[in-house]
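Protein chains: 6
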Amino acid sequence: MERWLISLKTSTPQDGYELAILLSQKGIQYTQPSAELRRELRPCYAYDADSLIAVSQVIAINFQTIAAANNYWRDTC
Amino acid sequence: MERWLISLKTSTPQDGYELAILLSQKGIQYTQPSAELRRELRPCYAYDADSLIAVSQVIAINFQTIAAANNYWRDTC
Amino acid sequence: MERWLISLKTSTPQDGYELAILLSQKGIQYTQPSAELRRELRPCYAYDADSLIAVSQVIAINFQTIAAANNYWRDTC
Amino acid sequence: MERWLISLKTSTPQDGYELAILLSQKGIQYTQPSAELRRELRPCYAYDADSLIAVSQVIAINFQTIAAANNYWRDTC
Amino acid sequence: MERWLISLKTSTPQDGYELAILLSQKGIQYTQPSAELRRELRPCYAYDADSLIAVSQVIAINFQTIAAANNYWRDTC
Amino acid sequence: MERWLISLKTSTPQDGYELAILLSQKGIQYTQPSAELRRELRPCYAYDADSLIAVSQVIAINFQTIAAANNYWRDTC
Numbered sequence: 021m022e023r024w025l026i027s028l029k030t031s032t033p034q035d036g037y038e039l040a041i042l043l044s045q046k047g048i049q050y051t052q053p054s055a056e057l058r059r060e061l062r063p064c065y066a067y068d069a070d071s072l073i074a075v076s077q078v079i080a081i082n083f084q085t086i087a088a089a090n091n092y093w094r095d096t097c
Numbered sequence: 021m022e023r024w025l026i027s028l029k030t031s032t033p034q035d036g037y038e039l040a041i042l043l044s045q046k047g048i049q050y051t052q053p054s055a056e057l058r059r060e061l062r063p064c065y066a067y068d069a070d071s072l073i074a075v076s077q078v079i080a081i082n083f084q085t086i087a088a089a090n091n092y093w094r095d096t097c
Numbered sequence: 021m022e023r024w025l026i027s028l029k030t031s032t033p034q035d036g037y038e039l040a041i042l043l044s045q046k047g048i049q050y051t052q053p054s055a056e057l058r059r060e061l062r063p064c065y066a067y068d069a070d071s072l073i074a075v076s077q078v079i080a081i082n083f084q085t086i087a088a089a090n091n092y093w094r095d096t097c
Numbered sequence: 021m022e023r024w025l026i027s028l029k030t031s032t033p034q035d036g037y038e039l040a041i042l043l044s045q046k047g048i049q050y051t052q053p054s055a056e057l058r059r060e061l062r063p064c065y066a067y068d069a070d071s072l073i074a075v076s077q078v079i080a081i082n083f084q085t086i087a088a089a090n091n092y093w094r095d096t097c
Numbered sequence: 021m022e023r024w025l026i027s028l029k030t031s032t033p034q035d036g037y038e039l040a041i042l043l044s045q046k047g048i049q050y051t052q053p054s055a056e057l058r059r060e061l062r063p064c065y066a067y068d069a070d071s072l073i074a075v076s077q078v079i080a081i082n083f084q085t086i087a088a089a090n091n092y093w094r095d096t097c
Numbered sequence: 021m022e023r024w025l026i027s028l029k030t031s032t033p034q035d036g037y038e039l040a041i042l043l044s045q046k047g048i049q050y051t052q053p054s055a056e057l058r059r060e061l062r063p064c065y066a067y068d069a070d071s072l073i074a075v076s077q078v079i080a081i082n083f084q085t086i087a088a089a090n091n092y093w094r095d096t097c
């Protein structure tokens, strides 16, 4: 797989949150590498409240990691 | 996306909890950007005990991050 | 919303556990603000083993935060 | 409620694991205080693989807290 | 219950992972003490993708604890 | 079982993420050792949105451990 993750460092908490989203998506891409199939599955979770909550939970877990890696952006904020 | 997260710092634990709620909602908004669709999905979780428990869990995970970022508000309380 | 969370500090681990229960309930109250509706939903989880396990999990996550905030009550016990 | 949790300190990791089980049960007892009802619900999870896995997960989360509180029993082992 | 957990220390990360598996199984054994019943339940999760994913999650949580207890095996690796 | 995990150290965050995927798979392999059966189960989760989200969550939890073990790759990035 190509390089997609060089560092956990981000400039701002929001950039960190968006990196957490990327990490969450990557977990799915590694498991289901077909972009076409993932596109077909999109309605299964994008219109389902419980799936959206589950997605938000995965993002929250990845955000914990990234926030710790950035020392919670304490120095810059 | 517009700027919505500048800092993880909050004045009080309650403000931190409410920021955790915002983070949890954002995870859903990024995944389902349509505000109208999210409004339609609202009854699916707001009237469902298990969905509400799941929402509370995502908030709890985000609150862990924010509480750590604020050093548990030890200095001010 | 009124003030309901001033500090994560508690005198004892048990008080901390009970604060974790409050945090877990608050996640639900913010999402479903109607007390009447929440009362109606109560049988859906209070008589369901899997829902009760899920509630206990949310409490466990919040208790992690509160225990860390209190330095695990090491100084006083 | 009576006093049931005085300290997170335990002599051994196994005692800590058993305290994690107690914490997990307490989350359920606070939510469903009727001992009779909880007894009736027991077959719903004790004979269900997914429920047992979920119980083990709640114990694992509580064990994280207790292990940290005991500094992972590093000094004594 | 007999002694089954003396220390969280292991020589290698892999031994730590295998201890995490043991902890995960113990959570189930304490809740369903009958070895015969657990054997009957085995097909319910060993042939079910979602159950296997859930098992792997419990192991992951316990591995976090054990890895921290061993200071991530930094000294020896 | 053969040696498959020597160290939690990796050169880059992406290598760490890929090790987290390996840990997540191992949790399943230890529980269902038959490679043939696991292959048969693959469609059950690779074409199911909720299963893929669950897999991504297990990876996220394991990545927390590996990121901490590598001190978030702070020194090298």
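First to last, the protein sequences are chains A, B, C, D, E and F.
Sequential numbering of the first sequence, starting at 21, is according to my numbering.
Sequential numbering of the second sequence, starting at 21, is according to my numbering.
Sequential numbering of the third sequence, starting at 21, is according to my numbering.
Sequential numbering of the fourth sequence, starting at 21, is according to my numbering.
Sequential numbering of the fifth sequence, starting at 21, is according to my numbering.
Sequential numbering of the sixth sequence, starting at 21, is according to my numbering.
For glycine and all other residues, C-beta sits at the position ideal for the given N, C-alpha and C.
Item                                                                                                                          : Value
Supposed close pair D:TYR65, C:ILE73 - CB separation, criterion 8 Å                                                           : 7 Å
Chain-order list of residues whose beta-carbon lies under 8 Å from that of C:ALA87 (same chain, five-residue window excluded) : PRO33, GLY36 and TRP93
Nearest to B:SER44 (by Cα), restricted to the options A:ILE48, A:VAL78 and A:GLU22                                            : A:VAL78
Enclosing alpha helix (DSSP H) for D:PRO33 [first to last residue]                                                            : 33 to 51
Short CB-CB distance (under 8 Å) between F:ALA88 and chain E                                                                  : yes
Contact with chain A by B:ILE81, beta-carbon distance below 8 Å                                                               : yes
7 Å Cβ cut-off: residues of chain C touching D:ARG23                                                                          : GLN34
Residues from the stretch 47 to 69 of chain E in contact with chain G, defined by Cβ distance under 9 Å                       : Absent here is chain G; the protein component of the structure consists of chains A, B, C, D, E and F.
Cβ contact check for the stretch 54 to 69 of chain F and the stretch 51 to 65 of chain A: 3 or more pairs under 8 Å           : yes
Start-to-end residues for the alpha helix (DSSP H) that takes in A:THR85                                                      : 69 to 89
For A:ARG23, the nearest candidate out of F:THR85, F:SER31, F:SER76 and F:GLU60 (CA to CA)                                    : F:SER31
Minimum Cβ-Cβ distance from B:CYS97 to chain A less than 8 Å                                                                  : Here B:CYS97 scores only 43 on pLDDT, less than 50, and its place in the model should not be relied on; the value that follows carries that caveat. Answer no: the Cβ-Cβ gap between B:CYS97 and chain A never drops below 8 Å.
Chain D within 8 Å of C:SER27, Cβ atoms only                                                                                  : no
Buried or exposed by the 16-neighbour rule on C-beta atoms within 10 Å, applied to A:ILE41                                    : buried
Alpha-carbon to alpha-carbon, E:SER27 and D:CYS97                                                                             : The predicted position of D:CYS97 is uncertain, since its pLDDT is 43 and thus under 50; no value can be drawn from it.
Three-way DSSP call (helix, strand, coil) for A:TRP93 in this model                                                           : helix
DSSP three-state assignment for D:SER27, whether helix, strand or coil                                                        : coil
Proximal residues to D:ILE48 (C-beta, below 8 Å), its chain only, five neighbours per side dropped                            : ARG58
Contacting residues, own chain, Cβ-Cβ under 8 Å from D:SER54 (five flanking each side not counted)                            : none
Reduced DSSP secondary structure (H/G/I, E/B, other) of C:GLU56                                                               : helix
C-alpha gap between C:ASN91 and C:THR85, whole angstroms                                                                      : 10 Å
Separation of B:LYS29 from D:LYS29, as counted between CA atoms                                                               : 31 Å
Nearest-angstrom Cα separation, counted from B:SER76 out to D:LEU39                                                           : 24 Å
C-beta neighbour in chain C for B:LEU42, strict 8 Å                                                                           : no
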